[in-house]
Each structure stands twice: as C-alpha cells, then as structure tokens.
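Residue numbers (my numbering): 2 to 543.
Below, the structure is given as structure tokens:
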C-alpha cells in the first residue's frame with residue numbers, strides 16, 4: 002500500500018484555500034476536483050502561467066489534468082505551502098520530481114531536493130542511500146550523490162563482484178547506480194592492494210634500487226624482508242598517493258554529462274510503433290511525454306487514451322520546421338516512429354531538433370537493418386537521414402530489432418497466408434532472423450532513455466533481438482502451436498535481387514533479401530543495455 006495515498010483526496014475535499022476565491026477547478030484523472038487560484042498557479046509555474054491567462058473570466062471552468070488525485074493534491078500542497086508536505090516513499094518522491102519538472106515548479110523542486118539529505122526524512126540518503134543515489138544521479142545532484150556514496154560504503158559491501166550481484170538481483174532497477182557506486186570502490190581496492198603491498202613488485206624495493214634508497218645509517222641497521230616494515234619515506238609516499246587517488250576517485254566522472262532525459266516527444270504516436278512506445282514511456286512515470294500527431298488526428302481514440310494517461314498532445318505538420326521548433330523547445334529526446342512512406346518528412350523535424358539542441362534523436366528505423374543494401378530506395382533514404390543528422394550535429398541512436406512477429410503473421414507483405422496455411426520462403430530457410438515484439442522494443446527504448454547515459458547512446462547503432470530463429474524454425478513452431486501443416490514454397494534470393502534492380506522502390510524485395518539471407522542479424526547485439534529485459538521468444542509471441 003502506498004503510504005502517501007490519500008494526500009490528494011484530503012486536499013480535494015477540504016483544502017484550506019478552497020474558501021478564498023478560487024476561480025478554477027482542476028480535475029484529476031480519477032475524478033477528484035480541486036478549487037484553485039489561476040494567479041497563484043501562474044506565479045508558481047511558467048507552464049501554468051501560459052495555460053491560464055491572469056484576468057480571464059473563467060467561472061466554473063474545469064481543467065482535466067493528467068495526474069491522479071494523490072499526486073495533484075501533493076503538488077498543490079507545495080504550491081500552497083502552509084507547512085512542508087511529508088513524503089513517505091521513494092516512489093512518491095520520484096513522481097513528485099516528475100511533476101516539479103513537468104510544470105517547472107522551481108520551489109517544489111528545491112524542497113524535494115532538500116529531503117534527500119535530511120537525517121530525519123523518510124526519503125533521505127540516511128534511510129536508503131541506493132535509492133537516493135539513483136534519484137540524485139538522474140537529476141545531476143552531485144552533493145547528494147557524494148552523500149549517498151559515503152553512506153552506502155557503511156551500509157553495503159560493494160567492493161566485490163559477488164556482493165554486487167546479490168544487490169543487483171534484489172533491485173535490478175538500481176544496477177546502473179550500483180555501478181556508479183561500486184566501480185570507484187573496486188578501483189580503490191585495487192589501488193590499495195598495489196600501493197600498500199610492500200613485499201611484492203612494484204612497491205618492493207630490491208637490489209641496487211633498494212640500496213640507493215637508504216641512507217648510510219639505515220643501510221647498516223635495516224634489513225628489509227618479509228617481517229620488516231618498508232622505509233618510512235616509502236610508506237609515507239604510498240599512503241599519500243593512495244589518499245590523493247581515492248579523493249579523486251570518489252567523484253563520479255561524467256555525471257554532469259549523463260544526460261538527464263526528462264522531456265520526450267514521440268512523432269507518429271498513434272502508429273504501430275509510436276503507440277506502444279508512448280505507453281511504455283508513460284507507464285514508468287519518469288518523463289514528461291509529448292505525443293506529436295498530424296493536426297487532423299488529435300481526436301483519435303489512441304491519442305485521447307495517451308492524453309488520459311498524462312501525455313501532452315501536439316498537433317503538427319511535419320513539413321513545418323518553425324512550428325516543430327516551437328513545439329520541441331526544451332525537449333530532451335525525440336523518437337520518430339513515422340511509417341516508411343513518411344521517412345523523408347523527418348528532415349524538417351531533424352532541423353527543428355538541431356535548433357532546439359535536442360540531446361538524442363531516434364530516426365524511424367525499428368525494423369531490419371539494410372546495411373549491405375546499396376541500391377534500394379529504402380536503404381538510400383535511411384542512409385541519407387543519418388547523413389543529414391551528422392551534417393546538423395544532431396546526436397542520434399538507431400534501433401534495429403528485426404521482424405515484429407505479430408506484424409508478420411497479420412500481414413501478407415512477405416507472403417505468409419495463415420488462413421490458407423501457405424508460406425513463401427526465399428533462400429534455404431536455414432538463415433537466422435531476429436524476431437522482437439513491438440511491446441518489447443517499446444520497453445527497451447523506455448529503459449535506455451531512463452537509465453543509460455546519453456554519451457553511451459550518442460550516434461550509436463543498437464541491434465536488439467527478442468529471439469533468433471530461421472524461417473524453417475518458424476514453420477516448425479507455427480505447425481506445432483496451431484496444429485496445422487503449412488504448404489512451404491521456396492524461391493531463390495536472386496529473384497529479390499532482380500526485383501530491386503528493376504525497381505529500387507520495391508520495399509518488400511529490398512527488406513526481404515536482407516531478412517531471408519541472414520545479413521540483417523550480423524554483428525553483436527545491444528540486449529545487455531537492459532539487464533532485466535527478458536523479451537518474449539518467437540514461440541511465445543505467435
């Protein structure tokens with residue numbers, strides 16, 4: 002049970018400010034209403050200031066918010082501070098930080114940060130240093146990171162791989178932050194073993210170097226052996242160097258460079274890939290999510306559902322660079338999931354991203370890689386997109402996940418006809434292919450945006466796979482699961498080459514030859530970026 006439950010309802014039923022001329026009602030997603038003052042909200046937040054123009058006549062106006070009553074009530078307690086609210090769980094604290102960032106509530110943000118280092122606070126480093134380390138590192142709070150590391154050294158034994166594995170198994174979400182804490186400590190252990198071991202090289206002095214290191218008096222009386230101490234000057238030097246290295250090593254290099262991804266825009270949010278990616282980002286409640294759709298689609302059921310989950314909806318024209326730049330202001334990452342027919346429309350969006358200093362751009366890949374394809378329109382277009390990104394200095398990350406199993410079995414694009422029990426395979430059918438569900442891809446994207454430092458993603462190609470099976474294996478799995486016998490036809494891959502040569506716009510042939518040849522799965526995968534990913538196998542997916 003959430004110890005902070007009921008905060009919103011308490012405020013919603015009888016807030017102290019309800020009797021003092023509130024001119025606006027905020028309604029939570031679970032139907033609780035809060036009578037508030039638009040002027041007070043505008044002073045607290047520039048976001049609210051732009052939403053509610055002071056002086057407008059709005060008697061009885063109800064604004065539906067994307068937050069639950071608990072979180073909406075908590076936010077209002079920070080805006081109307083008769084006394085500082087008490088937060089009892091780290092889950093609520095993280096949601097509160099998300100709200101403070103979403104609505105740019107600087108005062109609330111500062112109060113939340115102070116809680117991390119208060120000895121008597123339920124959500125401080127003194128109660129759970131690893132939880133605070135994760136939160137502080139995410140927000141770039143170096144002072145709180147240092148405090149959490151110091152306390153963690155007393156609470157946890159993180160200087161051995163075995164103990165790290167135990168902690169990581171208990172709290173998988175803390176793995177990236179455990180690494181931040183443990184790596185410096187393990188380094189310290191190695192340095193200690195080397196610098197303070199005076200009986201092994203390189204710290205043991207022997208031969209002529211040892212003789213020259215002693216004064217005449219010491220050389221006559223001191224026999225440096227297994228049971229004797231090293232020369233005093235050597236011990237002092239070693240301890241001094243170790244202290245300097247430890248002081249340097251306790252800082253987390255690169256922490257400011259860990260990109261703090263907080264605001265994410267999804268282009269094509271109602272589509273096959275964009276919709277599950279948007280849902281995955283909203284479910285973890287770590288980001289402010291903007292869903293971009295064509296202006297004509299803002300009222301679609303999917304977009305309205307995303308809005309009800311807390312997404313901000315923006316209707317756009319993908320060819321209008323200035324409009325996109327206005328929408329993408331202060332956005333940290335943009336995920337483009339536009340369909341194949343729209344990939345050229347990414348260029349104005351990329352220019353807008355560059356002008357807004359977007360930290361990461363995901364071009365519309367999310368399929369097979371066409372790395373060895375040099376003559377199809379599909380390959381040329383996607384490679385041109387990357388050249389544009391590089392020319393703009395726009396950091397990008399490309400995701401290649403192979404085939405979506407559900408898409409393959411519900412479309413006849415590659416000539417699989419389940420209703421007729423027929424399938425066409427080019428080549429021998431023995432070459433492996435990557436299969437990943439779209440939901441697993443969405444979870445992967447959400448995870449790396451939350452936990453993987455941006456410098457590790459910048460300008461990278463990430464090939465992921467939920468399963469790796471040949472088309473002959475697909476046939477066997479399908480027949481076994483559905484108790485049918487498929488009529489399998491085989492054709493040479495050279496037919497696909499000929500089709501692309503005749504018509505470079507033949508997308509089926511261009512992607513099919515990479516898929517059936519096995520070339521699309523060559524090279525290492527990036528599955529390890531999400532240690533607890535556990536994607537569905539092909540058998541589970543179909």
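Every residue, glycine too, gets a C-beta built ideally from N, C-alpha and C.
In this text, all values refer to a predicted model and were calculated from it rather than measured experimentally.
Its chain contains 267, 336, 338, 443, 446 as the residues whose beta carbon lies nearer than 7 Å to that of residue 278, once the 5 sequence neighbours on both sides are disregarded; these appear in chain order.
Counting only runs of at least 3 residues, the segment 383-461 fully encloses the following beta strand (DSSP E) elements, listed from N- to C-terminal order: 398-401, 423-427, 433-436.
Contact between the segment 519-537 and the segment 456-466 is present: 3 or more CB-CB pairs across the two stretches fall below 8 Å. Shown here, residue 31 sits in coil according to DSSP, grouped into three states, outside any helix or strand. By DSSP's assignment, residue 363 forms a beta bridge with 336. Distance from the CA of residue 234 to the CA of residue 391, rounded to the nearest whole angstrom, comes to 55 Å. Annotation for residue 264: the continuous beta strand (DSSP E) segment containing it runs 264-268. Annotated three-state conformation of residue 44 is helix, per DSSP.
For residue 139, the enclosing alpha helix (DSSP H) covers residues 130-140.
A straight-line Cα-Cα distance of about 35 Å links residue 73 and residue 396.
Out of 413, 400, 439, the CA that lies nearest to the CA of residue 361 is found in 400. Here residue 289 is bridged, per DSSP, to 264. In the pairwise beta carbon analysis, the segment 416-434 is classified as touching the segment 503-519: at least three pairs are separated by under 8 Å. For the 8 Å CB-CB criterion, residue 409 and residue 379 do not form a contact.
In the DSSP secondary-structure assignment, residue 488 is bridged to 423. Per DSSP, residue 63 lies in no alpha helix (DSSP H) segment; the continuous beta strand (DSSP E) that holds it begins and ends at 63-65.
With contacts defined by Cβ atoms closer than 8 Å, residue 329 and residue 359 form a contacting pair. A distance below 8 Å separates the beta carbons of residue 35 and residue 27. Sequence-distant partners of residue 451 (beyond 5 residues in either direction) whose C-beta falls short of 6 Å from its own C-beta, in its chain, are 287.
Taking a cut-off of 8 Å on C-beta distances, the segment 111-120 does not touch the segment 305-312, as fewer than three cross pairs fall below it.
When secondary structure is reduced to three states using DSSP, residue 205 falls in the coil class, being assigned neither helix nor strand. Within the same chain, Cβ atoms closer than 8 Å to the Cβ of residue 539 are found at 406, 436, 467, 468, 470, 474, 475, 478, the five residues on either side in sequence being excluded. Of the other Cβ atoms in all chains shown, fewer than 16 fall within 10 Å of the Cβ of residue 191; this residue is therefore exposed. Residue 506 sits in coil when the DSSP states are folded into three classes, being neither helix nor strand.
Within the DSSP secondary-structure output, residue 471 pairs in a beta bridge with 433. Among the bridge pairs identified by DSSP, residue 315 is matched with 293. Residue range 91-103 is occupied by the alpha helix (DSSP H) that includes residue 102.
CA-to-CA, the gap between residue 69 and residue 95 works out to about 14 Å. Cβ-Cβ distances below 8 Å link residue 376 to 501, 502, 505 in the same chain, with the five nearest sequence neighbours on each side left out; the list follows chain order.
DSSP lists 401 as the bridge partner or partners of residue 464.
In the DSSP assignment, the residues bridged to residue 25 are 37.
Under DSSP, residue 368 takes part in a beta bridge, and its partners are 401. Here the alpha carbons of residue 383 and residue 348 stand approximately 11 Å from one another. Apart from sequence neighbours up to five positions away, the residues of its chain that approach residue 417 with a beta-carbon distance below 8 Å are 409, 410, 423, 424, 425, ordered along the chain.
Rounded to whole angstroms, residue 402 and residue 439 show a C-alpha spacing of 9 Å.
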